[in-house]
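Numbering (the working numbering), first residue to last: 26 to 318. All residues carry an ideal CB built from backbone N, CA and C; glycine is no exception.
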């Protein structure tokens, strides 16, 4: 897929697109880029228009220096609107799921469905998750939130730092290859890229406050996917707090990086869910023509 950029409020947002049909927008997490979707794009693009967006400050997207998910959600929504995409299925993994939830709460009428993948959503994740016994899984939430110190300690050690996550938070160890890690390291070794990523964690409390604010419950269909060795069913329980139509699925023998570790299972879950919430075929292709880039 060709790398493209679009100007949103004076900043370049990187995106790629493939396929035709009802749009599906995919948002990656940390410490990754839209490269995370490489194993599933082909399957999804057989039935839908796929739009991969790099989150602001990461990958091929420039930074706005503001990282609370409410603000980032507005940028993603404006990106979709500028691309001519009126309604779409929204999918987010990790911090991409944080942004996707914030977007659903602000722009629900634009979404046909929401899928969140193995994420601790700010304001919705139970406090018990952060107890000391879970330090191996959640310590980065605290470390990344500290001003300046992570950058000081990680500079020049980006490869070792990121490789730790891929080794310790995955179950399928060959799913993310040395070449993939090299890609992620290259992206996050760019000037300010690490700081941009940490910005999402430094805004965690504000994002949590936004999510705890009183809103009507979401009524769009929601698919909550947890990894057996990740957040499991807790992602569904989190979404139940703010939505009425939540389907929870757990991918077995899988770590945090679901689209990379279990691409076939993930694609099947996502496509089946989307098809269950699609209009008839004629309506689908009519809408695709209207929203094509």
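Do the CB positions of residue i and residue j come within less than 8 Å of each other?
i           : j           : result
residue 130 : residue 112 : no
residue 56  : residue 187 : yes
residue 212 : residue 58  : yes
residue 298 : residue 258 : no
residue 228 : residue 83  : no
residue 116 : residue 52  : yes
In angstroms with no decimal places, state the Cα-to-Cα distance between residue i and residue j.
i           : j           : result
residue 315 : residue 30  : Since pLDDT at residue 315 reaches only 34, below the 50 mark, its modelled position is unreliable, and the value read off the structure follows with that caveat. Cα to Cα, residue 315 sits roughly 21 Å from residue 30.
residue 163 : residue 155 : 6 Å
residue 170 : residue 153 : 19 Å
residue 293 : residue 161 : 30 Å
residue 313 : residue 182 : At residue 313, the pLDDT of 38 sits below 50, so the modelled position is not reliable; the number obtained from the coordinates is stated separately. So the two alpha carbons sit approximately 45 Å from each other.
residue 302 : residue 50  : 16 Å
residue 61  : residue 137 : 23 Å
residue 89  : residue 81  : 7 Å
residue 149 : residue 290 : 26 Å
residue 143 : residue 70  : 23 Å
residue 245 : residue 287 : 26 Å
residue 32  : residue 158 : 44 Å
residue 222 : residue 262 : 26 Å
residue 233 : residue 147 : 4 Å
residue 132 : residue 101 : 11 Å
residue 191 : residue 269 : 34 Å
residue 174 : residue 210 : 19 Å
residue 167 : residue 26  : 36 Å
residue 215 : residue 202 : 20 Å
Measure from the alpha carbon of residue i to the alpha carbon of each residue in the options, then state which is nearest.
i           : options           : result
residue 28  : 117, 41, 116      : 41
residue 85  : 127, 109, 53, 37  : 37
residue 226 : 74, 196, 117, 123 : 123
residue 274 : 80, 69, 248, 184  : 248
residue 114 : 172, 146, 147, 77 : 77
residue 279 : 53, 230, 110, 193 : 193
residue 255 : 118, 33, 45       : 118
residue 35  : 48, 52, 87        : 87
What is the C-beta distance between residue i and residue j, in whole angstroms, given that I count them as a contact (C-beta under 8 Å)?
i           : j           : result
residue 108 : residue 125 : Not confirmed; about 17 Å, so no contact.
residue 319 : residue 296 : Outside the modelled stretch of the chain, which goes from 26 to 318, sits residue 319, for which no answer is possible.
residue 39  : residue 79  : 4 Å
residue 121 : residue 54  : 5 Å
residue 43  : residue 65  : The Cβ separation is near 11 Å, so there is no contact.
residue 267 : residue 243 : 6 Å
residue 63  : residue 46  : The pair is not a contact, with the Cβ atoms about 20 Å apart (cut-off 8 Å).
Stretch-stretch touch, CB-based, cutoff 8 Å, three pairs: the segment 178-193 with the segment 232-252: In short, these stretches do not touch, since the Cβ pair count stays below three.
Stretch-stretch touch, CB-based, cutoff 8 Å, three pairs: the segment 89-99 with the segment 193-207: Between the segment 89-99 and the segment 193-207 there are fewer than three inter-stretch CB-CB distances shorter than 8 Å, so the stretches are not counted as touching.
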